[in-house]
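A.B. asks: Submitted below is the structure of interest, expressed as C-alpha cells.
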Amino acid sequence: MPDQPAPDLTAAAPRSPRTRVGGYAILGRTIDKGRAKLHGDIGEYHYDCPLDNILFDFAGVKGPDFLEEIETGATDEKLAEWVASHGSQNSPVEVTAWSDQAEKISMHGDAELGEFFDGECQRLGLDPVKASLFDMLEADDRASFDR
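In terms of the numbering used here, the sequence shown opens at residue 516 and continues consecutively.
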C-alpha cells in the first residue's frame, strides 16, 4: 500500500476535530498527528493525547495499535474501517451520536481542567462558558498559524 502523505504540523495545523472521517469526530485530526509523528513533523502537537483518547476510549482501541495501522500507509477510509472493525464495533448511529456529543464537550467547571480551559479560552478571545473543547482547539490552531 502506498504511503499516505503526512502533514507537516510545524507549518500547518492538523484537521479540525470536527472533521469526521468514517463518521468519527476527532479521527481526521488523530490521523494527521499520527502521520506527522511517524514522519517527524508533529511540531507542538501530541499523538495519543487526551483528545485522541476520547476517540480511542469510545472506539475501544489503543493509540499504539492505531499508530501501527497508520504506519501501514492506509488511507483515511481504511483507517476508519480499521477503527470500526476493532474494539467496540459501534453502529453508525452510535458513532454519529457520539460524534455529535463530542463536539459539545467543555471543560468549563471541570475540577481538574476547568482553570486551564478557562484560561486558554480567555487567551484566545472565547467565552469559556459557551466554548467547547473543539472551539478552543480550532482557535488555538488559528492563533498558532495565522500569524
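No residue lacks a Cβ here, since even glycine has one placed at the ideal position from N, Cα and C.
To the nearest angstrom, report how far apart A528 and D656 are at their CA atoms.
C.D. replies: Looking at the two C-alpha atoms, the distance is approximately 6 Å.
A.B. asks: Have a look at S647 and M622 and give me their C-alpha separation to the nearest angstrom.
C.D. replies: Approximately 8 Å between the Cα atoms of the pair.
A.B. asks: To which residues does DSSP link Y539 through a beta bridge?
C.D. replies: Answer is V536, bridged to Y539.
A.B. asks: Looking at the structure shown, is M516 part of a helix, part of a strand, or coil, going by DSSP?
C.D. replies: With a pLDDT of only 42 at M516, under 50, the local geometry of the prediction cannot be trusted, and the value read off the model is given with reservation. It is coil, neither helix nor strand.
A.B. asks: So is D642 buried or exposed if we call it buried at 16+ other beta carbons inside 10 Å?
C.D. replies: Classification of D642: exposed, given that the 10 Å Cβ count is below 16.
A.B. asks: Can you give the Cα-Cα distance for A551 and P522, rounded to whole angstroms?
C.D. replies: Taking the straight line joining both Cα atoms gives about 6 Å.
A.B. asks: In whole angstroms, give me the CA-to-CA distance for M516 and G558.
C.D. replies: Reliability of the predicted coordinates at M516 is poor, the pLDDT of 42 falling under 50, and the value obtained from them is presented with this limitation in mind. Taking the straight line joining both Cα atoms gives about 26 Å.
A.B. asks: Using beta-carbon positions only, say whether G537 and A574 come within less than 8 Å of one another.
C.D. replies: No, they are not a contact pair.
A.B. asks: If we call anything under 8 Å between Cβ atoms a contact, is I546 one with I585?
C.D. replies: Against a cut-off of 8 Å, the Cβ pair of I585 and I546 comes out as a contact.
A.B. asks: Helix, strand or coil for M651 per DSSP?
C.D. replies: Looking at M651 - three-state DSSP - the assignment turns out to be helix.
A.B. asks: State yes or no: is the C-beta of S531 within less than 8 Å of the C-beta of E653?
C.D. replies: Against a cut-off of 8 Å, the Cβ pair of E653 and S531 comes out as a contact.
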